[in-house]
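Participant: Handing you this structure, nothing more for now.
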Amino acid sequence: MIRTVPSAGCGVKVGHISPRLCDILRAALISRSTARVILVGLTISLIVGLIIVAGSALAPFLIGSVLVYLLLPAVNALDRWMPRWAAILLLYVAGLLVVITLLILLVPSLISQTIRLTINVARPDQLEQLMAQIVVWYQTNVPREFQSPLEQILRASLPGIQANLSTLATTTATFLLGQIRQVFSWLSFVVGLLIVPIWAFYVLNDVRKVRLFINRQLHYRIRADFWNVWSILDRALSAYVRGQLLLALIIGIAAAVSLLVINLAPGMKVDYILPLALWAGIAELVPMIGATLGAIPAVIVTLFVGGLPSALAVLIAFTIIQLVENNLLVPRVIGDSVGVHPAILIIMLVIFGKLFGLLGVIVAAPATAAARDLYRYAYHRLSNRSPAEARALVLSPARPVARPDRPPAAAAFMRERPLP
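Right, here's the structure in full:
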């Protein structure tokens, strides 16, 4: 005989089972659910702990993840015309040819110019020559009634200016060289860097299989939430990473061309073009202040090498580059992929820089955007919205989805006052 035991709260059809036994079975089911939660929590804690302990050994795989992000759209496009593995190999060969070309054409000059830059800039004789040029320009362009008192102030402050500029240049060069040595002295980093292309190949080739594997491991109740969170993170990271790298390449090339043109102009002199342009491109990865960080070394070094007119020309060139970037390139390349208010972003830059150094400064913007969107998704899910509705509200916040249990008036009210 089969009967239902509603008093026990089991909600299932059982045989001749007492309510007490049904309560025990229900407690066992709850215990299994709790055990699954604990298992997932322990697994996540173990993964996070391994990442923290491994530390620098995982840095190459961070580069590999960026490589996967960059190549995945091209691989998906070529996958329509050729086998996936062939598309990946084709992109690898093209990238290898570009790297070899750069190594042959640019790297020797880059190394020699960088060495000369660290040795020659901010020498005492160069500082004296620079200050003499500034004094001559000052005497030529400033009215005589103002020259005498200002020259006295300039002579009194000259030793301090020389010491400060020399210290600044030496400290900057030492810091940059120290960072380069630290990166390339890691044996694990070098070994991992050799493994990264192989690892990226497997990830790119088996990305669909990985998705199916993850679906098999996930409970059907959390599957939609998992992929929604993945979509939110992917939107926050992928567009920003690709856009920032493209901007860095464009700004580096524009800086090199600008410095070269200024150097060819009559009466102008600019040296160390490759390291200064490379620094301008790398600094562009830092949001908000990257363009300024890229321009400062170029202006200071040119002031030492070519004098005040050349430095002013470099300053004007970098100002034009920044204006073009802010008004033309950024809206088209990156758009509103981050959407974080500048005041909040500056605070997060300071926090991430303090915690994670240069890498933290670079990833502060997408990490902040991802954290904001994940909070909004969790908020909507806790408000009894379905995974599809919560995802739509996060990915398209200007067009909220009305819940089925709300009347049209409530939906109109939601449009007027959107949820955070």
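Residue 395 in my numbering sits at position 395 of the sequence shown, and the numbers go up by one each step.
Backbone N, C-alpha and C define an ideal beta-carbon position, used for all residues, glycine too.
Where residue 239 and residue 306 are concerned, what is the direct C-alpha to C-alpha distance, given to the nearest angstrom?
Facilitator: Roughly 40 Å between the two C-alpha positions.
Participant: Tell me the rounded alpha-carbon separation between residue 368 and residue 348.
Facilitator: One C-alpha to the other measures close to 7 Å.
Participant: At the level of alpha carbons, what is the spacing between residue 256 and residue 276?
Facilitator: If I take the Cα positions, the gap works out to 8 Å.
Participant: Going by the beta-carbon positions, is the gap between residue 241 and residue 68 smaller than 8 Å?
Facilitator: No, they are not a contact pair.
Participant: If you follow the alpha helix (DSSP H) that residue 310 is in, where does it begin and where does it stop?
Facilitator: Residues 308 to 324.
Participant: Let me know if residue 294 comes out buried or exposed under the rule of 16 or more other beta-carbons within 10 Å of its beta-carbon.
Facilitator: So residue 294 counts as buried.
Participant: Helix, strand or coil: which one does DSSP assign to residue 339?
Facilitator: Three-state DSSP puts residue 339 in coil, outside helix and strand.
Participant: Assign residue 284 to one of three DSSP states: helix, strand, or coil.
Facilitator: Coil at residue 284, not helix or strand.
Participant: Short of 6 Å in beta carbon distance, which residues of its chain neighbour residue 317, apart from the five on each side in sequence? Order them along the chain.
Facilitator: Cβ neighbours of residue 317 beyond the five flanking positions: 258.
Participant: Counting Cβ pairs, one atom from each stretch, are 3 or more of them under 8 Å apart for the segment 226 to 237 and the segment 361 to 377?
Facilitator: A contact exists between the segment 226 to 237 and the segment 361 to 377.
Participant: So, under 8 Å CB-CB, residue 365 and residue 287 are touching, yes? Tell me the CB distance rounded to an integer number of Å.
Facilitator: Contact holds; Cβ gap of about 5 Å.
Participant: Please state if the CB of residue 89 and the CB of residue 75 are separated by a distance shorter than 8 Å.
Facilitator: Not in contact: residue 75 and residue 89 (Cβ atoms no closer than 8 Å).
Participant: Given this structure, state the Cα-to-Cα distance separating residue 83 from residue 47, to the nearest angstrom.
Facilitator: Distance between the alpha carbons of residue 83 and residue 47 is about 34 Å.
Participant: Taking Cβ positions, are residue 339 and residue 352 nearer each other than 8 Å?
Facilitator: No, these two residues do not count as a Cβ contact at 8 Å.
Participant: Compare the C-alpha of residue 266 against each of 309, 299 and 291 and name the closest.
Facilitator: Taking only the C-alpha atoms, the option nearest residue 266 is 309.
Participant: Alpha carbon to alpha carbon, what distance is there between residue 102 and residue 302?
Facilitator: Distance between the alpha carbons of residue 302 and residue 102 is about 25 Å.
Participant: Starting from residue 215 and walking both ways along the alpha helix (DSSP H), at which residues does that stretch end?
Facilitator: Residues 207 to 217.
Participant: Residue 390 and residue 381 look like a contact to me (Cβ under 8 Å); what is the Cβ gap, rounded to whole Å?
Facilitator: The pair is a contact, with the Cβ atoms about 5 Å apart (cut-off 8 Å).
Participant: Between residue 87 and the rest of its own chain, which residues show a CB-CB distance below 7 Å, the 5 nearest in sequence each way excluded?
Facilitator: Cβ neighbours of residue 87 beyond the five flanking positions: 75, 78 and 79.
Participant: For residue 225, which three-state DSSP category applies?
Facilitator: Helix at residue 225.
Participant: With a threshold of 6 Å on Cβ separation, who are the neighbours of residue 244 within its own chain once the five nearest residues in sequence on each side are excluded?
Facilitator: The residues are 285.
Participant: Tell me whether residue 272 sits in a helix, a strand or coil according to DSSP, three-state version.
Facilitator: DSSP places residue 272 in coil when its eight states are reduced to three.
Participant: Skipping 5 residues on each side, what residues in its chain have a beta carbon closer than 7 Å to that of residue 252?
Facilitator: Taken in chain order, the residues that qualify are 277, 278, 280 and 281.
Participant: Could you tell me the distance, in whole angstroms, from the CA atom of residue 211 to the CA atom of residue 226?
Facilitator: Taking the straight line joining both Cα atoms gives about 11 Å.
Participant: Alpha carbon to alpha carbon, what distance is there between residue 289 and residue 346?
Facilitator: Taking the straight line from one Cα to the other gives about 9 Å.
Participant: Classify residue 253 as helix, strand or coil using the three-state DSSP reduction.
Facilitator: Correct three-state label for residue 253: helix.
Participant: Which residue marks the beginning of the alpha helix (DSSP H) containing residue 85, and which one marks its end?
Facilitator: Segment 84 to 105, the alpha helix (DSSP H) holding residue 85.
Participant: Is residue 399 helix, strand or coil when you go by DSSP?
Facilitator: Summary for residue 399: the model assigns pLDDT 43, below 50, so the residue's position carries little reliability; its value from the coordinates is reported in the next sentence. Note: residue 399 maps to coil in three-state DSSP.
Participant: Helix, strand or coil: which one does DSSP assign to residue 289?
Facilitator: Coil, per DSSP.
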